[in-house]
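Below: one structure, written as structure tokens.
Number of protein chains: 2
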Amino acid sequence: MAQDPLPSWQDGALKSAILAFVDQVTDPNSSKYVVPNLRVATFDHDGTLFVEKPLNAQITFVKQKLFDEGDNPVMAPPNASFFDRLENKLANWMQDIESDLENISNAIFKDITPAQFRAAAGAWIRSAVHPRFQQIYQSLTYKPMLELLALLQDQQFIIYIVTGSSTDFIRQWSDETYNIGEQRILGSSLKTSLEEKDGKLKLVLEPIPFYFSNGANKVKSIERNIALQPIFAFGNSRGDIEMLRWAGQATTSFCGLVHHTDAEREYAYSPDPELFTGKSTLDQAQDYGWHVVDMKNDWLTVF
Amino acid sequence: MAQDPLPSWQDGALKSAILAFVDQVTDPNSSKYVVPNLRVATFDHDGTLFVEKPLNAQITFVKQKLFDEGDNPVMAPPNASFFDRLENKLANWMQDIESDLENISNAIFKDITPAQFRAAAGAWIRSAVHPRFQQIYQSLTYKPMLELLALLQDQQFIIYIVTGSSTDFIRQWSDETYNIGEQRILGSSLKTSLEEKDGKLKLVLEPIPFYFSNGANKVKSIERNIALQPIFAFGNSRGDIEMLRWAGQATTSFCGLVHHTDAEREYAYSPDPELFTGKSTLDQAQDYGWHVVDMKNDWLTVF
Chain A
416 MAQDPLPSWQ
426 DGALKSAILA
436 FVDQVTDPNS
446 SKYVVPNLRV
456 ATFDHDGTLF
466 VEKPLNAQIT
476 FVKQKLFDEG
486 DNPVMAPPNA
496 SFFDRLENKL
506 ANWMQDIESD
516 LENISNAIFK
526 DITPAQFRAA
536 AGAWIRSAVH
546 PRFQQIYQSL
556 TYKPMLELLA
566 LLQDQQFIIY
576 IVTGSSTDFI
586 RQWSDETYNI
596 GEQRILGSSL
606 KTSLEEKDGK
616 LKLVLEPIPF
626 YFSNGANKVK
636 SIERNIALQP
646 IFAFGNSRGD
656 IEMLRWAGQA
666 TTSFCGLVHH
676 TDAEREYAYS
686 PDPELFTGKS
696 TLDQAQDYGW
706 HVVDMKNDWL
716 TVF
Chain B
416 MAQDPLPSWQ
426 DGALKSAILA
436 FVDQVTDPNS
446 SKYVVPNLRV
456 ATFDHDGTLF
466 VEKPLNAQIT
476 FVKQKLFDEG
486 DNPVMAPPNA
496 SFFDRLENKL
506 ANWMQDIESD
516 LENISNAIFK
526 DITPAQFRAA
536 AGAWIRSAVH
546 PRFQQIYQSL
556 TYKPMLELLA
566 LLQDQQFIIY
576 IVTGSSTDFI
586 RQWSDETYNI
596 GEQRILGSSL
606 KTSLEEKDGK
616 LKLVLEPIPF
626 YFSNGANKVK
636 SIERNIALQP
646 IFAFGNSRGD
656 IEMLRWAGQA
666 TTSFCGLVHH
676 TDAEREYAYS
686 PDPELFTGKS
696 TLDQAQDYGW
706 HVVDMKNDWL
716 TVF
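If you read the sequences in order, they're chains A and B.
Residue 416 is where the first sequence starts when you use the numbering used here, and the numbers rise one by one after that.
Residue 416 is where the second sequence starts when you use the numbering used here, and the numbers rise one by one after that.
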């Protein structure tokens, strides 16, 4: 390659490993060659491509919809500990908050269509300002990861975002931001209801979870929607372990984990330990041979 | 167009309507122009692209797996009326057969991976012989519909198959047969389970339905997976009514219904009446302005 496709990555072992992998799987003379339509790459979103602190973007969006829009919050505030628990990602938070979640979903999603939700999310991400960086959320994507996506796209990889956030939260701005279209977002979703109104069909969101895309469910979603094993995967948290292990079982693959080590330019935090074994995600990276991005040292630029 | 792109279609009003629609939405100077990445087309499978009599292909596959493979059927035959009910598509058959379905799924899908199921389906469709036509099932696609798919693909339409059959039943042979890849099949599916085995992850099918893609669920699946409204849709049965109405609500769209009127070359049967109103699918075609294919008169060749 004439030009460095990853200018925001520090020269070194990690960058070389990425470039070597891409060379191998795209070189028809290599024993590790993979034909273009099997070059599937899956990326987690929050914390992997996009800032997730001090609070995940979709939860921030929900919080603002509930409390900050004008003088009339759309509903009575939910149990005060709700957002604390979300922020701390306690072990069983999905179970704990189920009733809150239903209240909140009812308040925010009642009678709106998926297209309306997508439009609201798109408008928000393009205008809401991050409390620390004082930039709109949409701009808080990691520049090195955008370069990596572009490199893979140039090499005909088929890229999916596999995220715990709602598919419809990301769809409306993913193409413009990542060059990844709405059909390549595999996230969480709510049930929908098809209603008859004035002789027309109307599809509306229901405040009932349909799919929570995290952990093992990320693998199930990849299999259900893509039906091909990824050969390249990147994550940053406990919820990505199964996806990374899954990609790691391909004959040839590259698995990466973003480790947030940069309190100055972004944030410093480690992924939560694995739920049942208590093993840290970083330990697993070592066990399974995943490439760990040390944000502070490996990235010359963050945003 | 220099050459007739639909040589197996009888010249006349229907063929002209298809060609005129495609011209309009692809002509940048037309007021009905649609940009390529919004040209979404959705096709039902069984009875629309592919023969479905005397019995739907997937049900035939299941029946053969249960009874015909060697001297040892894999399980005791289910309730004798099971296949009769399936064949007759009785009103509430999904409820009626639930317990049989679990037995059958357990027998066929136990401990197999989705990839193994896809491989078995692909091998079957390429070798099993249709009882009347004495040809392999894979060859029993409707030639006029293959021409229509090719015409739309030439014009950069994004085509999905939206089917009541399992996604994984069709995926393995859809690219070769229809030039529609595995990620463009939206069908029914079973739940899956991610298991740990000898230090590796293994994804296996569970004999529990995850999604039944029929009627309103076809619209929900289109919205969840594509997030764009189809502008072209084709079906043949009651289970396609919602999908056709949905596409029909686009500003500009073309909706078609295959009516099987040709007992000599294929089969003659009408779609079942709509479940609650008792209204026939053909009445609905008239109400909503869908284009009805009279197979006997509109298709010069069937297969």
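In this text, a Cβ means the ideal position worked out from N, Cα and C, and glycines have one as well.
Contact set for residue i: own chain, Cβ-Cβ below 7 Å, skip 5 residues either direction
i        : result
B/TYR552 : ALA472, ILE540, ALA543, HIS545
B/ASN521 : PRO622
A/LEU555 : PHE465, VAL466, HIS545, PHE548, PHE718
B/LYS606 : GLU621, ILE623, PHE625
B/PRO451 : GLN571
A/VAL634 : GLU657, MET658, TRP661
B/PHE532 : PHE524, ASP583, LEU620
Option nearest residue i by Cα separation, candidates the options
i        : options                                : result
B/GLY671 : B/PRO622, B/LEU605, B/LEU563           : B/LEU563
B/LEU759 : B/ASN629, B/SER581, B/HIS675           : Outside the displayed range of chain B (416 to 718) lies residue 759 of chain B, so it cannot be described from this structure.
B/PHE625 : B/SER431, B/TYR682, B/GLY579           : B/GLY579
A/ASP590 : A/ILE574, A/SER431, A/PRO443           : A/ILE574
A/ALA534 : B/LEU643, B/VAL634, B/PHE465, B/LYS478 : B/LEU643
A/GLY462 : A/GLU681, A/ASN651, A/HIS706           : A/ASN651
A/ASN629 : A/LEU605, A/GLY654, A/LYS606, A/GLU638 : A/GLY654
B/THR457 : B/GLN439, B/THR475, B/PRO422, B/PHE572 : B/PHE572
B/TYR684 : B/GLY704, B/MET710, B/ASP702, B/ALA665 : B/MET710
B/PHE649 : B/GLU638, B/HIS675, B/TRP705, B/GLN439 : B/TRP705
A/ILE519 : A/TYR448, A/ILE637, A/GLN479           : A/GLN479
A/ILE576 : A/VAL707, A/SER446, A/THR667, A/ILE641 : A/ILE641
A/ILE656 : A/PRO686, A/ASP613, A/ALA538           : A/PRO686
B/LEU561 : B/HIS460, B/PHE532, B/GLU610           : B/HIS460
A/TYR448 : A/THR667, A/ARG680, A/THR676           : A/THR667
A/ILE433 : A/GLU681, A/ALA530, A/LEU566, A/PHE476 : A/LEU566
B/GLY614 : A/PRO420, A/ALA678, A/GLN699, A/PRO469 : A/GLN699
B/ILE637 : A/LEU609, A/VAL477, A/GLU638           : A/LEU609
B/ALA665 : B/ASP419, B/PRO420, B/LEU453, B/LEU421 : B/LEU453
B/ALA530 : A/LEU481, A/ARG639, A/TYR703           : A/ARG639
Nonlocal neighbours in the same chain, by C-beta distance under 6 Å from residue i, ignoring five residues either side
i        : result
A/GLN524 : This sequence places Phe at residue 524 of chain A; Gln is not what is there. Result list for A/PHE524: LEU620, PRO622, in chain order.
B/ASP486 : Unreliable positioning characterises B/ASP486 in this predicted model, as indicated by a pLDDT of 49, which lies under 50. A coordinate reading is not provided.
A/ASN444 : none
A/GLN570 : VAL437, THR441
B/PHE669 : PHE436, PHE647
B/TYR682 : LYS468, HIS675
A/GLY537 : GLN587, TRP588
B/PHE476 : TRP539
B/ASP526 : VAL619
A/GLN701 : none
Contacts around residue i, its chain only, beta-carbon distance under 8 Å, and the 5 residues preceding and following it disregarded
i        : result
A/THR528 : LYS617, LEU618, VAL619, LEU620
A/ASP713 : TRP424, GLN425, GLY427, LEU429, LYS430, PRO559
A/THR716 : SER423, LYS558, PRO559
A/GLY568 : It should be pointed out that residue 568 of chain A corresponds to Gln in this sequence rather than to Gly. These residues qualify, in order along the chain: ILE574, ASN594.
B/ILE600 : TYR575, ILE576, THR578, THR582, ILE585, ARG586, SER589
B/ASN632 : TYR626
B/ASP677 : ALA683, MET710, LYS711, TRP714, VAL717
Exercise for review: Starting from the N-terminal side, write out each stretch of the beta strand (DSSP E) that is 3 residues or longer and does not extend beyond the stretch 536-592 of chain B.
Suggested key: 573-581
Exercise for review: Please list the residues of the stretch 577-589 of chain A that have a C-beta atom closer than 8 Å to any C-beta atom in chain B, keeping them in chain order.
Suggested key: THR582, ASP583, ARG586
**Study point:** Length-filtered (3 minimum) beta strand (DSSP E) runs lying within the stretch 436-462 of chain B
**Key:** 455-458
Practice item. Compile a chain-ordered list of the residues in the stretch 638-661 of chain A whose CB is closer than 8 Å to at least one CB of chain B. Key: GLU638, ARG639, ASN640, ILE641, ALA642, LEU643, GLU657, ARG660, TRP661
Practice item. Could you tell me whether the stretch 655-665 of chain A touches the stretch 585-601 of chain A, where touching means 3 or more Cβ pairs closer than 8 Å? Key: no
Exercise for review: Check distances from the C-beta atoms of the stretch 603-633 of chain A to those of chain B and list, in chain order, the residues that come in under 7 Å.
Suggested key: SER604, THR607, LEU609, LYS615, LEU616, LEU618, ALA631
Practice item. Select from the stretch 529-540 of chain B all residues with a C-beta closer than 9 Å to any C-beta belonging to chain A, and list them in chain order. Key: Contact annotation: in the stretch 529-540 of chain B, residues whose CB is within less than 9 Å of a CB in chain A are PRO529, ALA530, ARG533.
Review point. Where in the stretch 658-683 of chain B do unbroken runs of the beta strand (DSSP E), each at least 3 residues long, occur, reported from the N-terminal end onward?
Key: 669-676
Check your understanding: Where in the stretch 579-654 of chain B do unbroken runs of the alpha helix (DSSP H), each at least 4 residues long, occur, reported from the N-terminal end onward?
Key -> 582-593, 631-640
Point to revise | Interfacial residues, the stretch 452-479 of chain B to chain A, with Cβ spacing under 7 Å | key: none
Point to revise | Against chain A: residues of the stretch 664-675 of chain B by CB proximity under 8 Å | key: GLN664
Check your understanding: For the stretch 691-703 of chain A, which residues have a beta carbon sitting closer than 9 Å to at least one beta carbon of chain B?
Key -> none
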